[in-house]
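2 protein chains.
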Amino acid sequence: MATHEKGFFTEDDSVAVVTGRNINARDERLKQVMEVITRKLHEAVKEIEPTQDEWMQAILFLTRTGQTCNEWRQEYILLSDVLGVSMLVDAINNRKPSGASESTVLGPFHVADAPELPMGANICLDAKGEDMFIEGRILDTSGKPIADAVIDVWQANDEGFYDVQQKGIQPDFNLRGIFRTGPDGRYCFRAVKPKYYPIPDDGPVGQLLGQLGRHPYRPAHLHYIIKADGYETLTTHIFDPDDPYINSDAVFGVKESLLAKFNRMHDPARAQEYGFAGDFWDVDHDFVLARKGET
Amino acid sequence: MATHEKGFFTEDDSVAVVTGRNINARDERLKQVMEVITRKLHEAVKEIEPTQDEWMQAILFLTRTGQTCNEWRQEYILLSDVLGVSMLVDAINNRKPSGASESTVLGPFHVADAPELPMGANICLDAKGEDMFIEGRILDTSGKPIADAVIDVWQANDEGFYDVQQKGIQPDFNLRGIFRTGPDGRYCFRAVKPKYYPIPDDGPVGQLLGQLGRHPYRPAHLHYIIKADGYETLTTHIFDPDDPYINSDAVFGVKESLLAKFNRMHDPARAQEYGFAGDFWDVDHDFVLARKGET
Numbered sequence: 001m002a003t004h005e006k007g008f009f010t011e012d013d014s015v016a017v018v019t020g021r022n023i024n025a026r027d028e029r030l031k032q033v034m035e036v037i038t039r040k041l042h043e044a045v046k047e048i049e050p051t052q053d054e055w056m057q058a059i060l061f062l063t064r065t066g067q068t069c070n071e072w073r074q075e076y077i078l079l080s081d082v083l084g085v086s087m088l089v090d091a092i093n094n095r096k097p098s099g100a101s102e103s104t105v106l107g108p109f110h111v112a113d114a115p116e117l118p119m120g121a122n123i124c125l126d127a128k129g130e131d132m133f134i135e136g137r138i139l140d141t142s143g144k145p146i147a148d149a150v151i152d153v154w155q156a157n158d159e160g161f162y163d164v165q166q167k168g169i170q171p172d173f174n175l176r177g178i179f180r181t182g183p184d185g186r187y188c189f190r191a192v193k194p195k196y197y198p199i200p201d202d203g204p205v206g207q208l209l210g211q212l213g214r215h216p217y218r219p220a221h222l223h224y225i226i227k228a229d230g231y232e233t234l235t236t237h238i239f240d241p242d243d244p245y246i247n248s249d250a251v252f253g254v255k256e257s258l259l260a261k262f263n264r265m266h267d268p269a270r271a272q273e274y275g276f277a278g279d280f281w282d283v284d285h286d287f288v289l290a291r292k293g294e295t
Numbered sequence: 001m002a003t004h005e006k007g008f009f010t011e012d013d014s015v016a017v018v019t020g021r022n023i024n025a026r027d028e029r030l031k032q033v034m035e036v037i038t039r040k041l042h043e044a045v046k047e048i049e050p051t052q053d054e055w056m057q058a059i060l061f062l063t064r065t066g067q068t069c070n071e072w073r074q075e076y077i078l079l080s081d082v083l084g085v086s087m088l089v090d091a092i093n094n095r096k097p098s099g100a101s102e103s104t105v106l107g108p109f110h111v112a113d114a115p116e117l118p119m120g121a122n123i124c125l126d127a128k129g130e131d132m133f134i135e136g137r138i139l140d141t142s143g144k145p146i147a148d149a150v151i152d153v154w155q156a157n158d159e160g161f162y163d164v165q166q167k168g169i170q171p172d173f174n175l176r177g178i179f180r181t182g183p184d185g186r187y188c189f190r191a192v193k194p195k196y197y198p199i200p201d202d203g204p205v206g207q208l209l210g211q212l213g214r215h216p217y218r219p220a221h222l223h224y225i226i227k228a229d230g231y232e233t234l235t236t237h238i239f240d241p242d243d244p245y246i247n248s249d250a251v252f253g254v255k256e257s258l259l260a261k262f263n264r265m266h267d268p269a270r271a272q273e274y275g276f277a278g279d280f281w282d283v284d285h286d287f288v289l290a291r292k293g294e295t
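First to last, the sequence lines map onto chains A and B.
Under the UniProt record's numbering, the first residue of the first sequence is numbered 1, with each subsequent residue one higher.
Under the UniProt record's numbering, the first residue of the second sequence is numbered 1, with each subsequent residue one higher.
Below, the structure written as structure tokens:
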């Protein structure tokens, strides 16, 4: 009997020794997950060959990351975000058929009970920032409009803050709204141009970013959850392609298909129609939903 | 330019997108370590294909593990232990030349200032447990005795507790001692037979062990740190091969070469010589130190 079959540790057989202990796992899925985690973890350790000091630094980093979490802050999600793991899990769970709009991460600032508003409403409640008009269509993958699609939109303001981060400063539900399409599948609403903003960078994850020479910023974007009966729900963003951080989103949320041109408009007639005082930003972006089960 | 070269996320290029951000890392070693960690983490996620719920369970497990740590408890070291990572890091940092004794993990119960005792002393200060006599030699890899080797030994008692776990119940420095070899390289001391014991299993790591159908026990052992001028310091255990958990140490500390026969002796003459009341356990185990730089 080989030494590892007796349960004794050897460097060469380290994975088999450890995973061999899980034969009585209560759950087949957990057993499978722990087999992969153990194998990849041992592969990483064998490739890195950490010193005892480096190993202890890793232990203390993981400990601090857990201890930075509280009711309002989830530093492990942040770590997952900055290592691209959140986007990878999102991608794996949201593989779309050809032509359908791509997903990206939900983020921590969605609010469940935003108000349903009439099409064309202004979601900016405090008149702060540069006016913006956003319009487009909700389509299926054959290009047909989807009626009764529900569009839940939220965004940061012109200083890069969501309402929930500035309670008492921004009005409640500022820059949030829910819209429902008619038979033409069209949507439009008014807002202000959002600004890039940093993820929380005063904790262990921010320190790691600093040591890696990385900044903590997310490029300006609008969040969407789009639902329609018979279609896969789409959770995504659209991004300003001219944002200074568009090629270096700290959480890797940008996909090429999520770039939406933000056009600066000098059009007094349209400005008057929208109730804007002068020049404004104009975004025209269609979203394509996949039918349930469509691949 | 490929989409990932613009910093945009794709599932296929996820590793390149993330590690490509580290070009300005302040430290080459950190950059290398994070490249391996990111690559292996993404490989694991791609193989596991976690649901969003499973991903959140992992986030919450890591969070709880950090939050279980305090001044007295390091749950992340425990996690490293039960996944075999601590033993792997120990193995990588303590590769020994042929014939030298193998290392194993230090564990959390070493105390820096144990008393130096005369050879043959009894380290059991409360007369609890079954008497044991331990002897052997400290040798170099050519079989020559090493003089002035310093042997730092510590162990759990007959109920599986270290003195530091039972302050006020066990005497201070119970079952600890430091011995120094003479020209013959021989050592001997008296003690009691240690018992197996559980690692702390009331936290997230204990729950994980339970879900994996694993017990939390470490088989009975004695700890050693052996130092001698000109030789690599050896941190190791010896184990009782007849222990019920010898093939399933919760932290994978057992190596075949660390098994030391624990012989039950009925020898009234020797018992009288050692001051033992009757039958006793006898262990004869040599340790072989590698010269510094010897490979």
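Glycine is no exception: its CB is placed at the ideal position from the N, C-alpha and C atoms.
None of these values were measured; they are calculated from a predicted model.
Asked                                                                                                                           : Found
Outcome for residue 98 (chain B) when other beta-carbon atoms lying within 10 angstroms are tallied against a minimum of 16     : exposed
Range of the contiguous alpha helix (DSSP H) that encloses residue 65 (chain B)                                                 : 52-67
Rounded straight-line distance, which links the Cα of residue 224 (chain B) to that of residue 249 (chain A)                    : 51 Å
For residue 292 (chain A) and residue 95 (chain A), the rounded distance between their alpha carbons                            : 12 Å
Spatial neighbours of residue 79 (chain A) in its chain, beta-carbon cut-off 7 Å, leaving aside the 5 residues before and after : 65 and 205
Reference residue 286 (chain A), options A:9, A:77 and A:140, closest by Cα                                                     : A:140
Reference residue 215 (chain B), options B:191, B:232, B:246 and B:238, closest by Cα                                           : B:246
Assumed close pair residue 104 (chain B), residue 233 (chain B) - CB separation to whole angstroms, cut-off 8 Å                 : Rounded, the Cβ-Cβ distance is 13 Å, inconsistent with contact.
Spatially closest choice to residue 197 (chain B) from B:211, B:155, B:187 and B:170, by CA coordinates                         : B:155
Runs of beta strand (DSSP E) wholly within the segment 226-252 of chain A (minimum 3 residues, chain order)                     : 234-239
Near-chain B residues of the segment 30-45 of chain A (beta-carbon distance less than 9 Å), N- to C-terminal order              : 30, 31, 32, 33, 34, 36, 37, 38, 39, 40, 41, 42, 43, 44 and 45
Residue 116 (chain A) beta carbon less than 8 Å from that of residue 176 (chain A)                                              : no
Within 8 Å, strictly: CB atoms of residue 254 (chain B) and residue 239 (chain B)                                               : yes
Local Cβ density within 10 Å of residue 42 (chain B), reported as buried at 16 or more and exposed below that                   : buried
Contact list for residue 235 (chain B) against chain A, beta-carbon separation under 7 Å                                        : Neighbours of residue 235 (chain B) on chain A: none; closest Cβ ~10 Å, over 7 Å.
Short Cβ contact (8 Å threshold) for residue 281 (chain A) with residue 130 (chain A)                                           : yes
CB-CB length for residue 283 (chain B) against residue 260 (chain B), believed under 8 Å                                        : 5 Å
Counted within 10 angstroms of its Cβ, other Cβ atoms place residue 85 (chain B) as buried (16 or more) or exposed              : buried
Residue nearest to residue 53 (chain B) in terms of C-alpha spacing, selected from A:77, A:228, A:55 and A:63                   : A:77
Within 7 Å of chain B by C-beta, residues of the segment 75-93 of chain A in sequence order                                     : 76, 77, 80, 83, 84, 85, 87, 88, 89, 91, 92 and 93
Three-state secondary structure assigned by DSSP to residue 270 (chain B)                                                       : helix
For residue 47 (chain A), the three-state DSSP class (helix, strand or coil)                                                    : helix
Residue 61 (chain A) beta carbon near the ligand NAD (any heavy atom closer than 7 Å)                                           : The ligand NAD is absent from the structure shown, which contains no ligand whatsoever.
Contacts that residue 48 (chain A) makes with chain B (C-beta to C-beta distance below 7 Å)                                     : 33 and 36
Chain A within 8 Å of residue 248 (chain B), Cβ atoms only                                                                      : yes
3-residue-minimum beta strand (DSSP E) runs that sit fully inside the segment 165-230 of chain A, ordered along the chain       : 176-180, 186-192 and 221-227
Sheet register partners of residue 126 (chain B) (DSSP bridge)                                                                  : For residue 126 (chain B), which the question treats as bridged, DSSP gives no partner whatsoever.
Boundaries of the alpha helix (DSSP H) in which residue 81 (chain A) is found, first to last residue                            : 75-82
Cβ of residue 205 (chain A) within 8 Å of any chain B Cβ                                                                        : no
Length of the line joining the Cα atoms of residue 241 (chain B) and residue 222 (chain B)                                      : 12 Å
Endpoints, the beta strand (DSSP E) within which residue 288 (chain A) is located                                               : 287-289
Residue 132 (chain B) - partner residues in DSSP beta bridges                                                                   : B:191 and B:281
Assigned secondary structure, residue 298 (chain A) (DSSP; H/G/I helix, E/B strand, else coil)                                  : Nothing about residue 298 (chain A) can be read from this structure; chain A reaches only from 1 to 295.
Residues, ordered as in the chain, of the segment 279-292 of chain B that lie near chain A by beta-carbon distance below 9 Å    : none
Buried or exposed (CB count within 10 angstroms, at least 16 for buried), residue 157 (chain B)                                 : buried
Among A:18, A:136, A:87 and A:30, nearest to residue 13 (chain B) - alpha-carbon criterion                                      : A:87
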